[in-house]
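K.L.:
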Amino acid sequence: MYAARFNDFWYFSFVAPAEIMLATTYLRSRLALVLGALLSLGGTFALCNLSVQEKWDSRLEMAETDRELEYATADGANLVFTYFAIAPFESIVYTSLWGFVGWRYWPRIKRAPPQMP
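For the sequence shown, the working numbering begins at 3 and goes up steadily by one.
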């Protein structure tokens, strides 16, 4: 069950910026784009950090022997590195990528003739 919580946060850290930025770029409004970008940045940052925190919490909860406990607490710097380096980078890259994709391709999709099923 602990691994499932980790995977959910990790999965949503990839899906959330795509959904948010595609929805906000569909509106073609600068205000919506700015608000969506802020929401995407904050959400992706939080989800990335939550996924790593859950990974460490599950390691601590599953540790039974002294060796497993030592392994579970050995690299606390990973949490700090994620908070200051990986999560901000991931947030900026995914928000920018999906913002660009939405801004570039929604006009093309809207102009496309309807397809018959």
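Backbone N, C-alpha and C fix where the C-beta goes; we use that ideal spot for every residue, glycine too.
Along the chain, where does the alpha helix (DSSP H) containing residue 72 start, and where does it finish?
P.N.:
First-last of the alpha helix (DSSP H) with residue 72: 68 to 74.
K.L.:
Roughly how many angstroms lie between the CA atoms of residue 36 and residue 56, to the nearest whole one?
P.N.:
Cα to Cα, the separation comes out at about 30 Å.
K.L.:
Run through DSSP, which three-state label would residue 60 get?
P.N.:
In the structure shown, residue 60 sits in a helix (DSSP, three-state: H, G or I).
K.L.:
Buried or exposed: residue 23, going by 16 or more other Cβ atoms within 10 Å of its Cβ?
P.N.:
With 16 or more Cβ atoms within 10 Å of its Cβ, residue 23 is classed as buried.
K.L.:
Ordered along the chain, which non-local residues of its own chain (more than five positions away) have a Cβ less than 6 Å from that of residue 2?
P.N.:
Absent from the model: residue 2. The displayed extent of the chain is 3 to 119, so no value can be given.
K.L.:
By a C-beta neighbour count over all protein chains shown, 10 Å radius and 16 as the cutoff for buried, is residue 54 buried or exposed?
P.N.:
By the 10 Å Cβ count, residue 54 comes out buried.
K.L.:
Rounded C-beta distance between residue 62 and residue 74? I'm assuming under 8 Å.
P.N.:
Right, the Cβ-Cβ distance comes to about 5 Å (below 8 Å), so this counts as a contact.
K.L.:
How many Å lie between residue 109 and residue 66 at the Cα?
P.N.:
The straight-line gap from Cα to Cα measures roughly 56 Å.
K.L.:
Look up residue 44 in the DSSP assignment and say whether it is helix, strand or coil.
P.N.:
Residue 44 falls in the helix class under three-state DSSP.
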